[in-house]
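Notes for the one structure printed next.
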Amino acid sequence: MSGWQETKATALLIFQDGTIVEGQGLGATGHAVGEVCFNTAITGYQEILTDLSYAGQIITFTFPHIGNIGANAEDVETVKMASAPGARGCVLKADITNPSNYRSAEHLNDWLKANNIIGISGVDTRALTAMIRDKGFANAIIAHDPEGNFEIDILKAEAAKFAGLENLDLAKTVSTAQTYKWNERSWEWEERVIDPKEAEFHIVAVDYGAKANILRCLVDQDATVTVVNAETPAKDILALNPDGIFLSNGPGDPAATGEYAVPIIKELIESGLPIFGICLGHQLLALALGAKTKKMHQGHHGANHPVKDLTTTKVEITSMNHGFAVDGDTLPAGITETHKSLFDGSNCGLMVDDKPIFSVQHHPEASPGPHDSHYLFARFMDNVKSHKKEAA
Numbered sequence: 003m004s005g006w007q008e009t010k011a012t013a014l015l016i017f018q019d020g021t022i023v024e025g026q027g028l029g030a031t032g033h034a035v036g037e038v039c040f041n042t043a044i045t046g047y048q049e050i051l052t053d054l055s056y057a058g059q060i061i062t063f064t065f066p067h068i069g070n071i072g073a074n075a076e077d078v079e080t081v082k083m084a085s086a087p088g089a090r091g092c093v094l095k096a097d098i099t100n101p102s103n104y105r106s107a108e109h110l111n112d113w114l115k116a117n118n119i120i121g122i123s124g125v126d127t128r129a130l131t132a133m134i135r136d137k138g139f140a141n142a143i144i145a146h147d148p149e150g151n152f153e154i155d156i157l158k159a160e161a162a163k164f165a166g167l168e169n170l171d172l173a174k175t176v177s178t179a180q181t182y183k184w185n186e187r188s189w190e191w192e193e194r195v196i197d198p199k200e201a202e203f204h205i206v207a208v209d210y211g212a213k214a215n216i217l218r219c220l221v222d223q224d225a226t227v228t229v230v231n232a233e234t235p236a237k238d239i240l241a242l243n244p245d246g247i248f249l250s251n252g253p254g255d256p257a258a259t260g261e262y263a264v265p266i267i268k269e270l271i272e273s274g275l276p277i278f279g280i281c282l283g284h285q286l287l288a289l290a291l292g293a294k295t296k297k298m299h300q301g302h303h304g305a306n307h308p309v310k311d312l313t314t315t316k317v318e319i320t321s322m323n324h325g326f327a328v329d330g331d332t333l334p335a336g337i338t339e340t341h342k343s344l345f346d347g348s349n350c351g352l353m354v355d356d357k358p359i360f361s362v363q364h365h366p367e368a369s370p371g372p373h374d375s376h377y378l379f380a381r382f383m384d385n386v387k388s389h390k391k392e393a394a
């Protein structure tokens with residue numbers, strides 16, 4: 003009669019200090035290094051995993067049931083023209099159960115494999131989240147081998163030498179390789195809608211890792227969207243004759259991306275055109291205006307973050323995903339802080355006092371339930387309409 007045997011670990015999460023967390027492997031095999039963060043949303047795991055702002059990160063999901071609605075081709079935020087995937091790995095509490103949802107096209111485990119995302123389950127995600135909350139972001143390596151054969155010393159050495167996301171430009175790695183047009187608007191029930199009509203306005207979106215739903219929200223505002231690479235010179239952007247400029251979300255350290263992005267944005271500001279930025283686009287705009295950014299202790303990642311619009315005094319429940327923030331104390335004269343996090347008081351928005359230019363840190367395109375911030379797209383297009391009317 004055989005005795006009880008402990009299940010062999012088929013996945014490891016090894017931190018830079020050598021701490022090893024064991025679990026069961028999911029998705030792709032192999033290993034990947036990244037910054038470990040946590041996300042508090044209870045829905046939208048596919049959108050989260052394919053958000054290019056998560057490039058270079060390993061996501062810990064605080065909600066215990068991930069994958070129970072399966073996966074499909076529609077709930078993906080990565081634009082097909084992007085040159086790299088989003089998250090490097092994911093950490094789960096429970097094993098993925100068989101999907102139970104009418105929209106499911108495949109098991110999440112199969113989807114993770116197809117998208118080269120490594121996963122580990124069986125982890126005490128509550129304890130891991132508390133550790134990040136108390137100690138800040140952690141760098142680690144995630145590894146998956148179905149046979150449970152790991153070269154621990156090699157993995158520890160690779161984790162130890164990972165320098166983290168500070169001073170790392172990741173926007174360049176995820177930006178579109180070529181200019182393209184986007185004409186898909188927000189979905190109607192079970193239908194992806196291509197807008198066939200000629201739009202009244204033309205927006206050029208600078209892609210630092212753009213989410214698909216941001217582009218849909220722009221098209222909803224009667225706009226044709228042209229998406230360009232992050233390093234596209236200002237003169238080439240202006241040669242496209244845009245009515246407005248959009249600066250997208252994206253991953254990495256804004257100060258590093260700003261080395262080439264800030265000079266471009268400064269020229270775009272001088273053009274007088276309306277500009278709207280989200281997330282990394284917000285941070286880069288702030289840098290171009292003379293402010294500074296800083297690394298956050300644990301970042302903001304979730305779908306229930308309260309943000310106050312200081313221009314209206316209304317509080318919005320927002321979706322957030324960032325590990326860097328604009329230092330509100332460094333905003334120069336002529337720049338007004340428009341939004342503030344009610345969790346920690348960090349800057350979440352700004353506007354230029356004498357120009358049609360503004361930006362926000364949170365994600366108004368997200369639909370975690372509340373649509374509280376969708377008005378920002380209309381605010382941008384109001385600026386575009388006014389500017390175009392004045393220029394006529």
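The sequence shown stops at residue 394 when you use this note's numbering, and every number in between is there. Glycine included, C-beta positions come from ideal geometry on N, C-alpha and C.
For residue i, collect the residues of the same chain with a Cβ closer than 6 Å to its Cβ; drop the 5 residues on either side in sequence, then sort them by chain order.
i, result
"Glu318", "Val309, Asp374 and Ser375"
"Gly330", "Glu339 and Asn349"
"Asn231", "Ser177 and Thr178"
"Phe139", "Glu37"
"Asn385", "Pro276 and Pro358"
"Tyr56", "Gly88 and Ala89"
"Gly351", "Thr340, His341 and Val362"
"Ala389", "As written in the sequence, residue 389 is His, which differs from the Ala given in the question. Pro276 and Pro358, listed in sequence order."
If I follow the unbroken beta strand (DSSP E) through residue i, where does it start and stop?
i, result
"Ala327", "Lys316 to Val328"
"Tyr182", "Tyr182 to Trp184"
"Thr340", "Ile337 to Ser343"
"Thr62", "Gln59 to Phe63"
"Ile144", "Ala140 to His146"
"Leu249", "Gly246 to Leu249"
"Ile477", "What is shown of the chain runs 3 to 394, which leaves residue 477 out entirely."
"Gly91", "Gly91 to Val93"
Since I believe residue j is in contact with residue i (beta carbons under 8 Å), could you give me their beta-carbon distance rounded to a whole number of angstroms?
i, j, result
"Gly252", "Gly211", "3 Å"
"Ile119", "Gly29", "5 Å"
"Ala34", "Ile61", "Not quite, the Cβ-Cβ distance comes to about 12 Å (not below 8 Å), so this is no contact."
"Ser79", "Lys174", "The sequence shown places Glu at residue 79, not Ser. Their Cβ separation, rounded to whole angstroms, is 19 Å, which puts Glu79 and Lys174 out of contact at 8 Å."
"Pro370", "Ala129", "Wrong, their Cβ atoms sit about 25 Å apart, outside the cutoff."
"His204", "Asp245", "5 Å"
"Gly124", "Gly36", "The Cβ separation is near 19 Å, so there is no contact."
"Leu14", "Leu249", "Not a contact, Cβ separation roughly 38 Å."
"Asp171", "Ala258", "4 Å"
"Asp416", "Asn169", "The chain is shown only over 3 to 394; residue 416 falls outside these bounds and no answer can be derived."
"Thr320", "His299", "Rounded, the Cβ-Cβ distance is 19 Å, inconsistent with contact."
I need the boundaries of the alpha helix (DSSP H) containing residue i, first residue and last residue.
i, result
"Val386", "Tyr377 to Ala393"
"Leu282", "Leu282 to Leu291"
"Ala116", "Leu110 to Ala116"
"Ile271", "Pro256 to Glu272"
"Leu275", "Note, Leu275: premise wrong, no alpha helix (DSSP H); not H, not E."
"Ala173", "Ala173 to Val176"
Quick one: grab the DSSP three-state call for residue i.
i, result
"Leu237", "Note on identity: in this sequence residue 237 is Lys, with Leu being the wrong assignment. Helix at Lys237."
"Lys199", "coil"
"Gly36", "strand"
"Lys297", "strand"
"Thr226", "strand"
"Ile44", "coil"
"Gln18", "coil"
"Thr127", "helix"
"Val78", "coil"
"Asp136", "helix"
"Asn151", "coil"
"Ala305", "strand"
"Arg105", "coil"
"Met3", "With a pLDDT of 43 at Met3, under the threshold of 50, the modelled position of that residue is not reliable, and the figure given next carries that caveat. Note: Met3 maps to coil in three-state DSSP."
"Asn349", "strand"
"Pro215", "Checking the displayed sequence, the identity of residue 215 turns out to be Asn instead of Pro. Three-state DSSP puts Asn215 in a helix."
"Glu24", "strand"
"Glu8", "coil"
"Lys158", "helix"
"Ser369", "coil"
"Glu168", "coil"
"Ile359", "strand"
Skipping 5 residues on each side, what residues in its chain have a beta carbon closer than 7 Å to that of residue i?
i, result
"Ala75", "Ala107"
"Met3", "With a pLDDT of 43 at Met3, under the threshold of 50, the predicted position of this residue should be treated as unreliable, though the coordinate-derived value follows. There are no such residues."
"Leu378", "Val362 and Pro366"
"Ala263", "Ala232 and Leu286"
"Ile196", "Asn185 and Glu186"
"Ala53", "It should be pointed out that residue 53 corresponds to Asp in this sequence rather than to Ala. Excluding residues within five positions, the ones whose Cβ falls inside 7 Å are Glu79, Gly88, Lys213 and Asn323."
"Thr12", "Gln26, Gly27, His146, Asp147, Pro148 and Gly150"
"Arg218", "Glu186, Arg187 and Ser188"
Only counting the same chain, and skipping five residues up and downstream in sequence, which positions put a Cβ closer than 8 Å to that of residue i?
i, result
"Lys2", "As shown, the chain starts at 3 and ends at 394. That puts residue 2 outside it, with no answer to give."
"Thr21", "none"
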